[in-house]
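K.L.:
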Amino acid sequence: MDIGKKLRDARNAAKLTQESAAESLGVSRQTISNWETGKTYPDIVSVIRMSDLYSVSLDCLLKEEKTVSNNLNYLNYLEESTNVVKSRRRLGKLVLVAAYLVIWAVSVAFFWLAVSGSDAGAYAVLVIWGAIPLTTFVISLLIGANGYWGRRKWWAVPILALMYTLIPFLTFTLANAASTGVSAGDIAVNLDDLITLPIGAAVSAVGLAIGTGIEKLRARKKRED
-9 MDIGKKLRDA RNAAKLTQES AAESLGVSRQ TISNWETGKT YPDIVSVIRM
41 SDLYSVSLDC LLKEEKTVSN NLNYLNYLEE STNVVKSRRR LGKLVLVAAY
91 LVIWAVSVAF FWLAVSGSDA GAYAVLVIWG AIPLTTFVIS LLIGANGYWG
141 RRKWWAVPIL ALMYTLIPFL TFTLANAAST GVSAGDIAVN LDDLITLPIG
191 AAVSAVGLAI GTGIEKLRAR KKRED
């Protein structure tokens, strides 16, 4: 089985047309066709993006028991190169997630360690309505612009929205419960806290959409060059 047939089978298994795959990858439908018929070979980044888009491993796309001699050198080179690029992308994802979690954790910890009653309003404006939405937007933008996690990147929307909603609960709601003597078992989510859920989802979705647009424009410009 040659790499073109593997790409075609993976696309069909993902229930994507050549047109939809081309749009997601930022290439033309003819380019997808050329890759699948073996007329041309995809570059390293395109192979990694197809792996994410089709939800298949790189080994599944590149490795086989018997390799046609004409393709052997290309596949060996591609496998080595994709391993390097994939490692860099994995590191990029890790840094992105770690950066968000650090900012999120510091925001919660800062409330309990440094915010007094008179500072609560400023904290709400600067952190809950400022820093966290901005961080959510930037993280989502970078996920989209770098094509991280393929089609699964949209899971970032509900995840980031939930993380955003947890901040007012873990700060103001718990602080109010502690000041009024409410036991841990009786603490409930304040309905006012839930307003951050759709706001967080909207901010994340906009960031992802803009980032995805940037990724497609970058791929189109590269193709034209």
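The sequence shown begins at -9 in this note's numbering and counts up by one.
Even for Gly, the Cβ is constructed at its ideal location relative to N, Cα and C.
All values reported here derive from a predicted model rather than from experimental measurement.
Run the CB neighbour count on residue 258, radius 10 Å, all protein chains shown included, and call it buried at 16 or more, exposed below.
P.N.:
Coverage of the chain is limited to positions -9 through 215, which leaves residue 258 absent and any answer about it impossible.
K.L.:
I need the straight-line Cα distance from residue 14 to residue 8, nearest angstrom please.
P.N.:
Going by the C-alpha atoms only, they are around 10 angstroms apart.
K.L.:
Are the CB atoms of residue 39 and residue 137 nearer to each other than 7 angstroms?
P.N.:
Cβ atoms of residue 39 and residue 137: closer than 7 angstroms.
K.L.:
Judging by CA-CA distance, which residue of -6, 32 and 48 is the nearest neighbour of residue 217?
P.N.:
Outside the shown range of the chain (-9 to 215) lies residue 217, about which nothing can therefore be said.
K.L.:
My output table needs one value for residue 30: the three-state DSSP class, helix, strand or coil.
P.N.:
Looking at residue 30 - three-state DSSP - the assignment turns out to be coil, as it is neither helix nor strand.
K.L.:
With a threshold of 8 angstroms, are at least 3 pairs of Cβ atoms found where one atom belongs to the stretch 156 to 164 and the other to the stretch 197 to 212?
P.N.:
No: fewer than three Cβ pairs fall under 8 angstroms.
K.L.:
Alpha carbon to alpha carbon, how far is residue 81 from residue 75? Give it in angstroms, no decimals.
P.N.:
Cα to Cα, residue 75 sits roughly 10 angstroms from residue 81.
K.L.:
Secondary structure at residue 44, three-state DSSP: helix, strand or coil?
P.N.:
Helix.
K.L.:
Return the CA-CA distance between residue 183 and residue 120, expressed in angstroms with no decimal places.
P.N.:
Answer to the nearest angstrom: the Cα atoms are 15 angstroms apart.
K.L.:
Could you pull out every residue in the same chain whose Cβ sits closer than 7 angstroms to the Cβ of residue 11, ignoring the five residues on either side in sequence?
P.N.:
Once the five neighbours on either side are set aside, the close Cβ partners of residue 11 are 1, 22 and 43.
K.L.:
According to the neighbour-count rule (16 or more other Cβ atoms, all chains shown, within 10 Å of its Cβ), is residue 5 buried or exposed?
P.N.:
So residue 5 ends up on the exposed side.
K.L.:
Could you say if the stretch 89 to 101 and the stretch 140 to 160 meet the contact criterion of at least three C-beta pairs nearer than 8 angstroms?
P.N.:
With a cut-off of 8 angstroms, the stretch 140 to 160 and the stretch 89 to 101 count as touching, because enough Cβ pairs lie within range.
K.L.:
Helix, strand or coil for residue 88, going by three-state DSSP, please let me know.
P.N.:
DSSP places residue 88 in helix when its eight states are reduced to three.
K.L.:
Which same chain residues end up closer than 6 angstroms to residue -2 when comparing Cβ atoms and leaving out the 5 residues on each side of it in sequence?
P.N.:
Contacts found: 26.
K.L.:
Would you say the beta carbon of residue 40 comes nearer than 6 angstroms to a heavy atom of the ligand COA?
P.N.:
No copy of the ligand COA occurs in the structure displayed, which carries no ligand at all.
K.L.:
Tell me which same chain residues have a C-beta within less than 7 angstroms of the C-beta of residue 41, skipping the five on either side of it?
P.N.:
Once the five neighbours on either side are set aside, the close Cβ partners of residue 41 are 47, 48 and 51.
K.L.:
So, using beta-carbon positions, are residue 146 and residue 169 closer together than 7 angstroms?
P.N.:
No. Outside cutoff.
K.L.:
Helix, strand or coil: which one does DSSP assign to residue 7?
P.N.:
Of the three classes helix, strand and coil, the one that applies to residue 7 here is coil, per DSSP.
K.L.:
Contact defined as beta carbons within less than 8 angstroms: I believe residue 205 pairs with residue 16. What is the distance between those atoms, to the nearest angstrom?
P.N.:
With a Cβ gap of about 7 angstroms, residue 205 and residue 16 count as contacting.
K.L.:
Grab me the residues of residue 144's own chain with a C-beta within less than 7 angstroms of its C-beta, minus the 5 sequence neighbours each way, in chain order.
P.N.:
Taken in chain order, the residues that qualify are 198.
K.L.:
Quick check on the DSSP output: the alpha helix (DSSP H) that includes residue 116 runs from which residue to which?
P.N.:
Careful: residue 116 lies outside any alpha helix (DSSP H) and carries neither H nor E.
K.L.:
Mind checking residue 201: buried by the 16 CB within 10 Å criterion, or exposed?
P.N.:
Flag for residue 201 reads buried.
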